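Chemist:
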Amino acid sequence: MRFPGFYGNSALQMRLSAAEQGGGLSHCYVLSGPAGSGKKTLARILAAAMECTGSGQKPCGQCPHCHKVFGEGHPDVIWVDSDKATLPVKIIREKLIEDAYIMPNEGARKIYIIPRAQDMQSAAQNALLKILEEPPAYCSFLLLTDSSEKLLSTIRSRSVELTLFPLSQEELISHLRREFPSADDHTLASAANISGGYLGAAAELLRNPAELSDPALPELCAAFAAGEELELLEVLAPLEKRSRPEFQRLVELFSAALIQALHLQADSGAISTREAALLADRCSGQRLFAASGAISRVITLLQANGSPGHCIGLMLASLPIINQTERS
Numbered sequence: 004m005r006f007p008g009f010y011g012n013s014a015l016q017m018r019l020s021a022a023e024q025g026g027g028l029s030h031c032y033v034l035s036g037p038a039g040s041g042k043k044t045l046a047r048i049l050a051a052a053m054e055c056t057g058s059g060q061k062p063c064g065q066c067p068h069c070h071k072v073f074g075e076g077h078p079d080v081i082w083v084d085s086d087k088a089t090l091p092v093k094i095i096r097e098k099l100i101e102d103a104y105i106m107p108n109e110g111a112r113k114i115y116i117i118p119r120a121q122d123m124q125s126a127a128q129n130a131l132l133k134i135l136e137e138p139p140a141y142c143s144f145l146l147l148t149d150s151s152e153k154l155l156s157t158i159r160s161r162s163v164e165l166t167l168f169p170l171s172q173e174e175l176i177s178h179l180r181r182e183f184p185s186a187d188d189h190t191l192a193s194a195a196n197i198s199g200g201y202l203g204a205a206a207e208l209l210r211n212p213a214e215l216s217d218p219a220l221p222e223l224c225a226a227f228a229a230g231e232e233l234e235l236l237e238v239l240a241p242l243e244k245r246s247r248p249e250f251q252r253l254v255e256l257f258s259a260a261l262i263q264a265l266h267l268q269a270d271s272g273a274i275s276t277r278e279a280a281l282l283a284d285r286c287s288g289q290r291l292f293a294a295s296g297a298i299s300r301v302i303t304l305l306q307a308n309g310s311p312g313h314c315i316g317l318m319l320a321s322l323p324i325i326n327q328t329e330r331s
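Whatever position you read off the sequence shown (first residue = 1), add 3 for the numbering used here.
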């Protein structure tokens, strides 16, 4: 099986190739991974492989069915979504269940792709479950979600779960360098680290470079590296006036710098941002690790609508101040 435009995840690719060669792909897959992890790319590849009429490895990329699937114009590949925050049962019934009992127009299968499966309401998931239990023989389903845990266990038990993993920094930066040849190494490293290793997310960051920096980040990293509580307070106190999304972006950038600093200590030749290099040079691995855990708790609080003021208090209380070994 071929995977054009889908990188990394070699074990997943081997698993799908073996299934395709050994008796056919499953009628239902759950593709799990964060935004930018390649779920939509993989869904198109699976849909094309199911409809492909070419010889050799599938999808061939040359037959009319492949062209239509990759061009998002195949009448039997249906994307099931809505403009609402959640996916109501009405959409599942009208776009999927009622349509599923109509024979395919052109292809061997009718393939339903739900790009926000985690946003299905409970009633919508239960309605989907009924057709998954006894689907028409020509129907296949691709459920894309940021976490399979958000789906009913009964849906997952009737599906094959595919978890998409991040690329290595070396592989990710190699792809990014080809796509963004004008970006410098520090920018590429920042996008790679903040994205968590996912190509789509990193590329989106590079298209919106404002997301890769914050004027307070160098000051925050320098204050933490200095290990003086008063200096850290002087940097954090004015940030209380920021909106929660703006403050969260800064905290996420700081978290990424801490993680990258740890990687840099393990591999001194790794590409890094200036902030990560400063942290790696001046902080012990133990302190970086403890700070990363503390910042993870701050991010969790922000995601639960915690205010910048509360989060600054948590940072001051939990970030490790320099120890005597580092000071000497």
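Built from N, CA and C at the ideal position, the CB exists for glycine as well.
Since the structure is predicted, the reported quantities are computational estimates derived from the model, not experimental observations.
When burial is assigned at 16 or more other CB atoms within 10 Å of the CB, is Gln65 buried or exposed?
Modeler: With fewer than 16 other Cβ atoms within 10 Å, it is exposed.
Chemist: So, using beta-carbon positions, are Phe250 and Pro169 closer together than 7 Å?
Modeler: No, these two residues do not count as a Cβ contact at 7 Å.
Chemist: If you pair each beta-carbon of the segment 102-113 with each one of the segment 146-162, do three or more pairs fall below 8 Å?
Modeler: No, because fewer than three Cβ pairs between the segment 102-113 and the segment 146-162 fall closer than 8 Å, the two stretches do not touch.
Chemist: With a Cβ-Cβ cutoff of 7 Å, do Ser35 and Ser151 count as a contact?
Modeler: Cβ distance < 7 Å, so Ser35 and Ser151 count as in contact.
Chemist: Following the continuous beta strand (DSSP E) through Thr148, name the residue where it begins and the one where it ends.
Modeler: Start and end: 142-148.
Chemist: Quick one: what does DSSP say Ile81 is sitting in, helix, strand or coil?
Modeler: Here Ile81 sits in strand by DSSP.
Chemist: DSSP has Ser35 in a bridge; who is on the other side?
Modeler: Partner(s): Thr148, Thr166.
Chemist: By how many angstroms is the C-alpha of Pro212 removed from the C-alpha of Ala294?
Modeler: Answer to the nearest angstrom: the Cα atoms are 26 Å apart.
Chemist: Just list the residues that DSSP pairs Tyr115 with in beta bridges.
Modeler: According to DSSP, which records beta bridges pairwise, Tyr115 is partnered with Ile81, Phe144.
Chemist: Assess contact between the segment 86-106 and the segment 51-62, defined as three or more Cβ pairs (one per stretch) separated by less than 8 Å. Is contact present?
Modeler: No, the segment 86-106 is not in contact with the segment 51-62.
Chemist: For Leu90, write down the residues that DSSP places opposite it in a beta bridge.
Modeler: For Leu90, which the question treats as bridged, DSSP gives the partners Met123.
Chemist: Would DSSP call Leu99 helix, strand or coil?
Modeler: Helix at Leu99.
Chemist: Specify whether the segment 65-82 and the segment 201-216 touch according to this definition: at least 3 beta carbon pairs, one from each stretch, less than 8 Å apart.
Modeler: In short, these stretches do not touch, since the Cβ pair count stays below three.
Chemist: Can you round the beta-carbon distance between Leu28 and Ala52 to whole angstroms, since I take them to be within the 8 Å contact cut?
Modeler: Contact flag correct, Cβ pair sits at about 7 Å.
Chemist: Between the alpha carbons of Gln289 and Arg181, how many angstroms are there, rounded?
Modeler: Going from the Cα of Gln289 to the Cα of Arg181 covers about 36 Å.
Chemist: What is the DSSP secondary structure of His30, reduced to helix, strand or coil?
Modeler: It is coil, neither helix nor strand.
Chemist: Assuming Cys286 is part of the alpha helix (DSSP H), what are its boundary residues?
Modeler: Taken as a continuous stretch (DSSP letters only), Cys286 belongs to no alpha helix (DSSP H), as it is neither H nor E.
Chemist: CB Val163 to CB Ile117, shorter than 7 Å?
Modeler: In this structure, Ile117 does not lie closer than 7 Å to Val163 by Cβ.
Chemist: How far does the alpha helix (DSSP H) with Arg210 in it reach, from first residue to last?
Modeler: 202-210 is the span of the alpha helix (DSSP H), which, as asked, contains Arg210.
Chemist: Take the Cβ of Tyr32 as the centre, count every other Cβ of all protein chains shown within 10 Å, and call the residue buried at 16 or more, exposed below.
Modeler: By the neighbour-count rule (16 or more Cβ atoms within 10 Å), Tyr32 is buried.
Chemist: Shorter than 6 Å, the distance from the beta carbon of Leu19 to the closest heavy atom of the ligand HEM, or not?
Modeler: Only the bare structure without any ligand can be found here, which leaves the ligand HEM out of the picture.
Chemist: Within 10 Å of its beta-carbon, does Lys244 have 16 or more other beta-carbons around it, so buried, or fewer, so exposed?
Modeler: Counting Cβ neighbours within 10 Å, Lys244 comes out exposed, since fewer than 16 surround it.
Chemist: Can you tell me the Cα-Cα spacing of Ala297 and Lys42, whole angstroms?
Modeler: The straight-line gap from Cα to Cα measures roughly 30 Å.
Chemist: Tell me, please, whether the segment 127-135 touches the segment 92-109 by the rule of three or more beta-carbon pairs shorter than 8 Å.
Modeler: Yes, the segment 127-135 is in contact with the segment 92-109.
Chemist: Mind checking Ile197: buried by the 16 CB within 10 Å criterion, or exposed?
Modeler: Looking at its Cβ environment, which holds 16 or more other Cβ atoms inside 10 Å, Ile197 is buried.
Chemist: Confirm, please, whether the CB-CB distance from Ala192 to Ser299 is below 7 Å.
Modeler: No, they are not a contact pair.
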